[in-house]
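Protein sequences appear in the order of chains A and B. Per numbering that gives the first Met the number 0, residue 0 is the first one in the first sequence, and the count goes up by one each step. Per numbering that gives the first Met the number 0, residue 0 is the first one in the second sequence, and the count goes up by one each step. Heads up, the beta-carbon is just placed ideally off N, CA and C, and yes, glycines get one too. These numbers come from a predicted model, not from an experiment.
There are 2 protein chains.
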Amino acid sequence: MSDTPHRFIRALRRERNDRTPVWLMRQAGRYLPEYRATRERAGNFLNLCKTPELACEVTLQPLARFPLDAAILFSDILTVPDAMGLGLTLDEGVGPRFTHPLRDPAAAARLGIPDPETDLRYVTDAVRLIKRELQGKTPLIGFAGSPWTLATYMIEGGGHHDFKLVKNWLYGEPAAFEALVNLLADAVTVYLNAQIAAGVDAVMVFDTWGGVLTTDAYERYSLAPMQRIVQGLSPGTPNILFTKGGGLWLESMAATGCTGLGCDWSVDLGNARRRVGDLVALQGNLDPAILRAPVPVIEQEVDRVLDAFGGGAGHIFNLGHGITPDINPEHVAAMVARVHARQL
Amino acid sequence: MSDTPHRFIRALRRERNDRTPVWLMRQAGRYLPEYRATRERAGNFLNLCKTPELACEVTLQPLARFPLDAAILFSDILTVPDAMGLGLTLDEGVGPRFTHPLRDPAAAARLGIPDPETDLRYVTDAVRLIKRELQGKTPLIGFAGSPWTLATYMIEGGGHHDFKLVKNWLYGEPAAFEALVNLLADAVTVYLNAQIAAGVDAVMVFDTWGGVLTTDAYERYSLAPMQRIVQGLSPGTPNILFTKGGGLWLESMAATGCTGLGCDWSVDLGNARRRVGDLVALQGNLDPAILRAPVPVIEQEVDRVLDAFGGGAGHIFNLGHGITPDINPEHVAAMVARVHARQL
């Protein structure tokens, strides 16, 4: 556990900290042997998500190894469309697939908003369990997928093929598509507020595929629904928006009123700070590929990220995207130690 | 043929034009039935590239259909590593593969710079044939892959797996990797200068994979070698740099001294023009997915791109990436007509 709890929350509020807080996207994941053992017991990834005791167990595993400054709920961004009746499967090597993908606007019009305390009870139960275990020592992050990203998976049915189906819909039936992302924004808002009610200390919205849009389409179909979510969150809950490939759009993202922005590794944090650092905290952004390099290279690249941000308040160290299964946990330990070695 | 030749060159020089010039990345391609017929005769894609008469034939096909403002040499970015002895194959459905991918810096150190007039004679012969056929009516664009993009294919051996091998090398053996991209910069410079000597009117460097790098790695391993190319080109030859996913880096790209920048569809051209429009021309940037939409949507989105740039000198209309095989040629005709309908 961190010896200085809530460093993460202070950084999000752009308050002074002794050290830069650090956590990793997908920190509870396949690079950890203890995670692989628990997932083996669960049978598969989706069972692991849907069994609160096991989701709690894997959420806590990286905290037992590394002095991380935040825990993140173990779950998947596609739980919401699964609860809408699309039938999620998550098989290794195949990736996420829906048994009943959305094929036309008529099918989308029949979708309802899941009730988190019944349809997604396994998530709020996991949050309550994890919070009990954490005993207030480390903040817990809840999360959801962005409406555009969810729509992408729901319409493509799984692995995307150049986003052909979802873009055909977006450009061919813009009004119906806008109705779908707005419905998803409402479903995500309700879902995140249920996570907040169950105890999470902050929430993050993952917009994995926003970067494949034009600026105009991004603003309409990804950013506008994310803003709707930010505005609908329980007041006072710190929140982070992360659009992979969204470095061009940091100004409009910051203007949503969110608390922090996740940055992928293509962004220079110094540049990002000059653009939006008076409005939001910044989270990121080591290239996960660097964790395969020798430790001295990892340390040099951690320093480069810290130097790019430039010290002071408002930085949460993270990767620029999720950690990959091939990473040596000792390299993660070296990364975390290097971040914490520097006094702010 | 265009009724106002050299509109493309005037736009690159940011001189006044009557209309915005337009051409399409991969305009000689599988969406055209006449292209598919010629490729059938060639046997496969690589034979098509390597047979000057057939490369000339497909280069001219889109000009016979649409009043395009530029022709682009039909070839492939991987001809240079093929001429270096890596053994390129390009099978449909599999994509490009090298029989002898680069496995270590020692192998890279043994690479030499191909002599274009012998090792890549089929390219310069194609240029001479095409120039003869064009009779000065339409300018011809030559091209090459960027050193980083070539290195990616050469090291990964073909389809990339999260760029794992090439990033391992970049981060693990940075000096050897820098030597490789510098060698490739020299090979590309010699190759483009041979295309220029054979008659091309402008050249373009395709940096398909620059966007997967951090800002720092991009500047060192993709932009610096591209600058080396720009500085080594035969004086006075207009040139365009295109990094897909490079919208964050337009300022440093423009600072290379290049003539124009290609923009993918994520970039807002008005924003790009404010950032670098006094230094370079801008080329782009309709999302190719829009060409699958009904014609009125295509027209509206063409207008949106033209409006984003905002009129005046220095814009070349294009897609944000190559046209895909599933596009109806009539939709391309509608796009080109819409661009030319607007007086500047």
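(1) Leaving out five residues on either side along the sequence, give the residues of the same chain with a beta carbon under 6 Å from the beta carbon of B/Thr323.
(2) Using a C-beta to C-beta distance shorter than 9 Å, which residues of chain A count as neighbours of B/Asp215?
(3) Can you give me, in chain order, the residues of the segment 164-196 of chain B that have a beta carbon less than 7 Å from any beta carbon in chain A?
(4) Excluding sequence positions up to five away, which residues of its chain have a Cβ less than 7 Å from the Cβ of A/Ala54?
(5) Is it true that the CB of B/Val202 sits closer than 8 Å to the CB of B/Gly141?
(6) Let me check one thing: in DSSP terms, what residues is A/Asp206 bridge-paired to?
(7) Is B/Leu139 closer than 8 Å to B/Ile129 when the C-beta atoms are compared?
(8) In chain order, what residues of the same chain have a beta carbon less than 6 Å from the beta carbon of B/Ala82, not counting five sequence neighbours either side?
(9) So the alpha helix (DSSP H) B/Gly171 belongs to, where does it begin and stop?
(10) Between A/Leu23 and chain B, is there a C-beta pair that is closer than 8 Å?
(11) Using a Cβ cut-off of 9 Å, pull out every chain A residue sitting near B/Trp208, in sequence order please.
(12) Is it buried or exposed, B/Asp206, if we count other Cβ atoms within 10 angstroms and call 16 or more buried?
(13) Buried or exposed: A/Gln226, going by 16 or more other Cβ atoms within 10 Å of its Cβ?
(14) Taking A/Leu247 as the query, report the chain B residues whose CB atoms sit under 7 Å from its CB, ordered along the chain.
(15) Can you tell me where the beta strand (DSSP E) holding A/Gly309 begins and where it ends?
(16) For B/His320, which residues of its own chain have a beta-carbon under 8 Å away from its beta-carbon, when the five flanking residues on both sides are left out?
(17) Pick helix, strand or coil for B/Ile71, following the three-state DSSP scheme.
(18) From B/Leu232 to B/Gln194, what does the alpha carbon distance come to, in whole angstroms?
(19) Could you check whether A/Phe44 and A/Ile315 sit closer than 8 Å to each other, using their CB atoms as the reference points?
(20) Is the segment 285-305 of chain A in contact with the segment 150-168 of chain B, if contact means three or more CB pairs nearer than 8 Å?
(21) State the DSSP-derived secondary structure class of B/Leu87, mapped to helix, strand or coil.
(22) Name the residue from B/Arg109, B/Leu62, B/Glu91, B/Gly28 whose alpha carbon lies nearest to the alpha carbon of B/Gly84.
(23) For the alpha helix (DSSP H) containing A/Ile228, list its first residue and its last residue.
(24) Closest to A/Leu11 by C-alpha separation, out of A/Leu149, A/Arg341, A/Asn317, A/Leu179, would be which residue?
(25) Would you mind reading off the limits of the beta strand (DSSP E) that contains B/Ala288?
(26) Which chain A residues sit within Cβ distance under 9 Å of B/Leu212?
(27) Beta-carbon within less than 8 Å of B/Gly276's beta-carbon, same chain only, minus the 5 sequence neighbours each way: which residues are those?
(28) Determine the chain A residues that contact B/Asn292 at a beta-carbon separation under 8 Å, and present them in chain order.
(29) Determine the direct distance from the alpha carbon of A/Leu305 to that of A/His339, and round the result to whole angstroms.
(30) Based on the DSSP output, what are the partners of B/Leu260 in its beta bridges?
(31) Could you tell me if B/Thr98 is buried or exposed, where buried requires 16 or more neighbouring beta carbons within 10 angstroms of its beta carbon?
(32) At 7 Å on the CB atoms, spell out the chain A contacts of B/Ile154, in chain order.
(33) Can you tell me which of A/Gly261, A/Val21, A/Arg131, A/Leu285 puts its alpha carbon nearest to the alpha carbon of B/Thr214?
(34) Would you call B/Asp103 buried or exposed, if buried means 16 or more other Cβ atoms sit within 10 Å of its Cβ?
(35) Could you tell me the distance, in whole angstroms, from the CA atom of B/Ala150 to the CA atom of B/Ala336?
(36) Please decide whether A/Val79 counts as near chain C, where near means a Cβ-Cβ distance under 8 Å.
A quick look at the data gives this:
(1) In its chain, beyond the 5 residues on either side, Pro287 have a beta carbon closer than 6 Å to the beta carbon of B/Thr323.
(2) By Cβ distance, chain A contributes Asp267, Glu300, Arg303, Ala307.
(3) Within the segment 164-196 of chain B, the qualifying residues are Lys166, Asn167, Tyr170, Gly171.
(4) Leu47, Cys48, Phe73, Ser74, Ala125, listed in sequence order.
(5) Yes, the pair counts as a contact, with Cβ atoms nearer than the cut-off.
(6) Beta-bridge pairing links A/Asp206 to A/Thr242.
(7) For the pair B/Ile129 and B/Leu139, the CB atoms are nearer than the 8 Å cut-off.
(8) Pro113, Asp118, Leu119, listed in sequence order.
(9) Segment 163-171, the alpha helix (DSSP H) holding B/Gly171.
(10) So no, A/Leu23 is outside the interface.
(11) Chain-ordered listing is empty here: chain A has no CB closer than 9 Å to the CB of B/Trp208, the nearest sitting near 12 Å.
(12) The C-beta of B/Asp206 has 16 or more other C-beta atoms within 10 Å across all chains shown, which makes the residue buried.
(13) Per the 10 Å Cβ criterion, buried.
(14) Within 7 Å Cβ-Cβ: Gly246, Leu247, Ser265, Val266.
(15) Following the DSSP letters along the chain, one finds A/Gly309 in no beta strand (DSSP E), marked with neither H nor E.
(16) In the same chain as B/His320, and ignoring 5 residues on each side of it, the C-beta atoms closer than 8 Å to its own belong to Met24, Lys243, Asp263, Trp264, Pro287, in chain order.
(17) In the three-state DSSP reduction, B/Ile71 falls in the strand class (E or B).
(18) Roughly 11 Å separates the two Cα atoms.
(19) Annotated as distal: A/Ile315 and A/Phe44, with beta-carbon spacing of 8 Å or more.
(20) Touching, yes.
(21) Correct three-state label for B/Leu87: strand.
(22) Closest option to B/Gly84, Cα to Cα, is B/Arg109.
(23) If you look at A/Ile228, you'll find it in the alpha helix (DSSP H) that goes 223-231.
(24) Considering only alpha carbons, the answer is A/Asn317.
(25) Taken as a continuous stretch (DSSP letters only), B/Ala288 belongs to no beta strand (DSSP E), as it is neither H nor E.
(26) Against chain A, the beta carbon of B/Leu212 has neighbours under 9 Å at Trp264, Ser265, Asp286, listed in chain order.
(27) Only Gly313 meet the Cβ criterion.
(28) A small fix is needed here, since residue 292 of chain B is Ala in this sequence, not Asn. B/Ala292 reaches chain A at Asn167, Tyr170, Gly171, counting residues in chain order whose Cβ is nearer than 8 Å.
(29) Looking at the two C-alpha atoms, the distance is approximately 11 Å.
(30) Per the DSSP secondary-structure output, B/Leu260 pairs in a beta bridge with B/Leu240, B/Leu281.
(31) Looking at its Cβ environment, which holds fewer than 16 other Cβ atoms inside 10 Å, B/Thr98 is exposed.
(32) Around B/Ile154, no beta-carbon contact reaches into chain A at under 7 Å, the shortest distance being about 13 Å.
(33) Taking only the C-alpha atoms, the option nearest B/Thr214 is A/Leu285.
(34) It counts as exposed.
(35) Between B/Ala150 and B/Ala336, the C-alpha separation is close to 39 Å.
(36) Protein chains A and B are contained in the structure displayed, whereas chain C is not.
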